Structures are given as structure tokens and as C-alpha cells.
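First to last, the protein sequences are chains F and P. Numbering-wise (the numbering used here), the first sequence opens with residue 11 and increments by one. Numbering-wise (the numbering used here), the second sequence opens with residue 56 and increments by one. Even for Gly, the Cβ is constructed at its ideal location relative to N, Cα and C. Predicted, not measured: the structure shown is a model, and the values here were computed from it.
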Amino acid sequence: MNAQHDLDRRLAAALLDGPSRAPERSIDLALAHAREHPRRRDPLAVLRKDPMNAQSSRFATALQPLPLLAVVAVALAAALGAATAGGFLDDRSGVVPPVATPSPTSPHASVSPAPSPAPSPAPSATATPAVISVDLIENVGADATVDITDLSGRLVRAGSGIPGDGASVPDGTVAATGLAGSPATVVLTWSGSPCDTTHQLTINPDGLGMVLQRPACQGDAIGVDHVLQLTFDRPVDPAAVDVTIQTVGN
Amino acid sequence: MQRSLVERAATGDQQAFEYLVRQSADRLFAIAYRILRDHHRAEDALQQTLVTIWDELPRLRDPDRFEAWTYRLIVRTSIAQAKRERRGGLVVQLLPDDAVPGSGLTRSPAEIDAVADRDQVQRGLRRLKPDQRAILVLQHYVGLTLAEIADVLGIPIGTAGSRLHYAAQALRAALDADARTIDLEERTA
């Protein structure tokens, strides 16, 4: 304990060395920046993410105005789509093709597995796989999203995990791990840069092979973690998941 | 007082922003310098942080968290700056002479010991990773509690505690290694 106190005392003394006054130049340049960029009224300011709440829980994130608006927009779009297709007026139990759930800004999108087709002929033979957009939580940098194309039809839920500080996996690799208490969930973690934004993830028909495309980012190269949680309709062995990462736009 | 300044600056009041900047700049610069150990890089980190404060202030919902937010910004900017520096290669710095400038005075043995001790700790700090230096600076220079450090870094308290522990352990190891090197040099001389 004495050794710890001795180290604390020595450290505090050593940290007193050094300048304690800021150079005027930095202050002047910042004030000049403020003058050159006068604040305009931002009616959406209240909807933007609070910089001190980057670590907020998923529940709190879901209650933020922007995700709420996104959820409302998705619900309206779904209702409109259903009405357009005659779903409200038609009693026939027709085939429901895999439904795309467009949710460009919702951090926790989900898709229901398509019901098994009824014997009646399908109204549309050009069913496209569901695309889920997940808004990743990031501590620093631009808002990043992942558009997931699920060719396996087994994905039931996708959402952002909470990243730590910095990059926890080597660049160019994706770590697939399990989630305690949820054997059907795989957590993918990869490192990127604060300036990369839109990612594409394609899940192969076997549900285990995946290709992650990320944009080439020429900006500041601070490594940051991106964490994505995928929940399937059956237990998945994370060790069997094979994710290839591709950088596009080089 | 500060709350109303923050609110005014958030709405675009440049005078309020200037007050805030002048209140915070010295402290932020001192933190950046102690993380980066370089005057010019600390100056860059401060400038970048002040610009970010102006640009992002309207997004800060609770004005009472202004100070913690500025610490978070300066720490992150400094760590990013330090990582860039490491990628760019090692920067060799000449340390200032210990003599009292212009006084012609020599130091007493006790003063010399104190200076030597501070130098040894400074060398130990240079051997640490920037994020380790940052957490030690927040605790031992800024004087934040563990909960405040966790808030500033945006991490759980337990994580802050373990990072602090590992940083202190790394510093102790660096000091031991330094002492062994000096001992070896004395023996071979």
C-alpha cells in the first residue's frame, strides 16, 4: 500500500511539470472558426445523438426521437404497402413473399420469418430476399449502417452491439462470437475507421458463410469497433461462421 | 453561471463561447500536453477540440455535463493524435536543461533528487500507451474520481478501475526497467 502511495505521490509531482497556460494561437483560431461558421438554427438539433450518451443502453437508444421516428415511418410504410397490396380488403390467405423491411435508421430492425407458402399459386414469383438495415452504435466518427441481405431466410433479428473504445480486432478480419444466454445469436466484430459509413452484409443460403463489404475510407485512420448482433431461427455455432471482409471503392 | 453560458453558446452566442473557451482552454491544454508530451501536438489537439466544441455544442443535451464532455473530447483527440504520431515514427525530443535559467544558481542535493525523480517518472510515462497516460492524467492531475473518469471516457466504472490498475502497473514496470538500466550503466562504467 505504501508503495502505491509513493507511486501516486511521485506521479502527481511529475505531472505538475509542464505548461499550464494554453497558447493564444489555438484560442484565436477556434474563435475565428466560430465567427466564420455562425450557428444556424437547426430544427433537428433535438433529434441528433447526444455526444455524452454514446454508451447508452439499447433500450435508451430505442427511445431516442430519431429511432422512434424511424419506427413510426417503417410502420406507416408497412401499413401503406399492405393496403396497396389489398391485404386489408382481401380475405384470401395468399402467399406472403419474404417481406423487405426498410428501416434505414433504426438501430434494431427485425424481420419475421416468412410463413410457409399456401398451396395457392404465388401472386409474385419475383420475391426478393429481405434486406435489413441496422444503424450501428459508434463512439466516434460518422454514423455507420449495415444493409443485410439474408439469402438463408433464417435471420430473425439484427441489431447493433455496443463497441468498446478503439479497435479490438485486427483490421481486415471479422470476429464471430456467441452471446451468453442466446445460442441463436452470433456477434460479429470488425474494426473500421470513423469515416466509413455504409456496409453491406450478405448471408449465404447456408446461413454460415457471409460476405461483408465496407467502403474504402481514406480519412483519419483511428481504429474503431463495429459490432453487429445477428439472431437466427436456430442455434448457431460461432466457430462455423465464416465472414469474408471486402473493401470496396479503392 | 456556466450552465447559462453553455446554453447561450449552443444557440450561437459567440461571446458566451469565447468566455467558455477562455475558462476551459488552459485546463484542456494542460491535459493534452501531459498525454502527448509535446507542446505543438498539444496545441493542435486543443485547437481541434475547441473547434469541435463549437460545432457539436447544440447536440449536448445537458449543459451541466459540459466540463466532462470537454474532457472526453480532449482525451480522445489527444489519444488519436498520439496514435498518428506513433504510426509516423518516433519523435525524438530534447529535454530541457535542469539548471535554473539565467540564475547561475546550483540546486541543493534535495532539489536535484526531486528533479531526478520527476525525470524518472516522466521517462516512465513516455513508455506508456497514450490511453494509459490519459487515465493517469485524469486521476492524478485533473483529480477526477473513478466514477467521473468512467463518465468522461464513456466506459463502465469497473472497466475504468481495471484500466487505472493496469496503467499504474505498467508505469511501475517502466520505472523498474528504467532503474535497472541505470544500475547496469553504472556497473559497466
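- For the segment 56-72 of chain P, the set of positions with a beta-carbon nearer than 9 Å to some beta-carbon of chain F reads Ala64, Ala65, Thr66, Gly67, Asp68, Gln69 and Phe72 in chain order.
- When DSSP states are grouped into helix, strand and coil, Ala177 (chain F) belongs to the coil group.
- Residues of the same chain with their beta carbon placed closer than 6 Å to that of Ala232 (chain P) are lacking, with the five preceding and five following residues left out of the count.
- In this structure, F:Thr254 is the residue among F:Leu90, F:Thr254 and F:Val84 with its C-alpha nearest to the C-alpha of His209 (chain F).
- For Leu112 (chain P) and Ala64 (chain P), the gap between their C-alpha atoms comes out near 8 Å.
- In the structure shown, the three-state DSSP call for Ala32 (chain F) is coil.
- Here Thr200 (chain P) has no same chain residue with a Cβ atom under 6 Å from its own Cβ, once five neighbours each way along the sequence are excluded.
- About 5 Å separates the beta carbons of Leu161 (chain F) and Pro215 (chain F), which is inside the 8 Å limit, making them a contact pair.
- Ala87 (chain P) is a Cβ neighbour of Ala97 (chain P), given a cutoff of 8 Å.
- Apart from sequence neighbours up to five positions away, the residues of its chain that approach Leu183 (chain P) with a beta-carbon distance below 8 Å are Leu191, Ala222, Ala225, Leu226 and Ala229, ordered along the chain.
- Within chain P, the C-beta atoms nearer than 7 Å to that of Leu25 (chain F) come from Arg89, Val192, His195 and Tyr196, in chain order.
- For Ser217 (chain P), the three-state secondary structure derived from DSSP is helix.
- Scanning chain P for C-beta atoms nearer than 8 Å to the C-beta of Ile147 (chain F) yields nothing, as the closest lies near 11 Å away.
- For the 8 Å CB-CB criterion, Gly259 (chain F) and Pro225 (chain F) form a contact.
- Contact of Leu79 (chain F) with chain P by beta-carbon distance below 7 Å is absent, the smallest such distance being about 17 Å.
- In the DSSP annotation of this structure, the continuous segment of the alpha helix (DSSP H) that includes Arg82 (chain P) starts and ends at Gln69 to Leu91.
- Distance from the Cα of Leu189 (chain F) is smallest, within the candidate group F:Ala24, F:Asp235 and F:Gly171, for F:Gly171.
- A residue is called buried once 16 or more other Cβ atoms fall within 10 Å of its Cβ, and Ser30 (chain F), having fewer, is exposed.
- Taking CB atoms only, Ile172 (chain F) has no neighbour in chain P less than 8 Å away.
- Residue pairing for Gly188 (chain F): DSSP places it in a beta bridge opposite F:Val196.
- His209 (chain F) carries a strand assignment under DSSP once its states are collapsed to helix, strand and coil.
- Counting only residues of its own chain and dropping the five nearest sequence neighbours on each side, Arg178 (chain P) has a CB closer than 7 Å to the CB of Asp233.
- About 5 Å separates the CB atoms of Val106 (chain P) and His43 (chain F); that is less than 8 Å, so the two are in contact.
- Neighbours of Ala189 (chain P) in chain F, taken as residues whose beta carbon is under 8 Å from its own, are absent, since the nearest beta carbon is some 10 Å off.
- Within chain P, Gln102, Leu105, Val106, Trp109 and Asp110 have C-beta atoms less than 9 Å from the C-beta of His43 (chain F), given in sequence order.
- In the structure shown, Asp160 (chain F) adopts extended strand secondary structure according to DSSP, grouped into three states.
- Gln103 (chain P) sits away from Thr66 (chain P), with the two beta carbons spaced by 8 Å or more.
- Among the residues facing chain P, Leu238 (chain F) is not included, as its CB has no counterpart in that chain under 8 Å away.
- Around the beta carbon of Thr183 (chain F), a 10 Å sphere encloses fewer than 16 other beta carbons of the protein chains shown; the residue is thus reported as exposed.
- Residue burial is scored here from C-beta neighbours: Ala165 (chain P) has fewer than 16 other C-beta atoms within 10 angstroms and is therefore classed as exposed.
- Just so you know, the alpha carbons of His94 (chain P) and Gln136 (chain P) end up roughly 12 Å apart.
- For Glu98 (chain P), at least one C-beta of chain F is nearer than 8 Å to its own C-beta.
- Beta-bridge partners of His236 (chain F) (DSSP): F:Trp200.
- Relative to the Cα of Val76 (chain P), the nearest Cα in the group F:Asp27, F:Leu26 and F:Ile37 belongs to F:Ile37.
- Residue state for Ser59 (chain P) is assigned as helix, using DSSP reduced to three classes.
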